[in-house]
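Numbering (our numbering), first residue to last: -5 to 132.
As structure tokens, then:
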């Protein structure tokens, strides 16, 4: 694996453009890249202006590093550390990591019925069952 981490922008076969701190692994049979906190680059148009928006590439995962093979990449380019997209990438990821308040607490009005433990206890009361711990049979 190469020791040098660099910033790259990838154009994938899916059509997505992804920016990430990247490490290349060429030690195996098929070389690949490891992308750290990758962000998808989206263009939005408003009037005569075109704006760039960065959003998480994989939105539902808690993982920070993703592996991608060369067969999924159309083209790529390395960015210098002082490039404005690198600065935007760093700023976005710093804000995301320091601000965990982006998660919404679901209210009863939104459909929250309770967590698993509360529901289990209420069902045991309804059916007059003795509370049990979690058991598994193998």
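Note that the Cβ used here is the ideal one computed from N, Cα and C, for glycine as well.
For residue i, I'd like the list of residues in its chain whose CB is within less than 6 Å of its CB, leaving aside the five on either flank, ordered along the chain.
i: residue 42; result: none
So, residue i versus residue j, is the Cβ gap smaller than 8 Å?
i: residue 33; j: residue 14; result: yes
i: residue 1; j: residue 86; result: no
i: residue 52; j: residue 60; result: yes
i: residue 16; j: residue 29; result: yes
i: residue 11; j: residue 35; result: yes
i: residue 46; j: residue 37; result: yes
Note the first and the last residue of the continuous beta strand (DSSP E) segment covering residue i.
i: residue 39; result: 26 to 40
Give me, in chain order, the residues of the same chain whose beta-carbon lies closer than 8 Å to that of residue i; leave out the 5 immediate sequence neighbours on both sides.
i: residue 191; result: One cannot answer for residue 191 here, as it falls past the ends of the chain, which runs -5 to 132.
In the DSSP assignment, find the unbroken alpha helix (DSSP H) run with residue i in it and report its ends.
i: residue 5; result: No alpha helix (DSSP H) contains residue 5, which is instead part of the beta strand (DSSP E) from 0 to 6.
i: residue 80; result: 78 to 92
Alpha carbons only, please: which of the options is nearest the one belonging to residue i?
i: residue 89; options: 49, 116, 119; result: 49
Take every Cβ of the stretch 56 to 73, pair it with every Cβ of the stretch 99 to 118, and state whether three or more of those distances are shorter than 8 Å.
Not touching, per the Cβ criterion.
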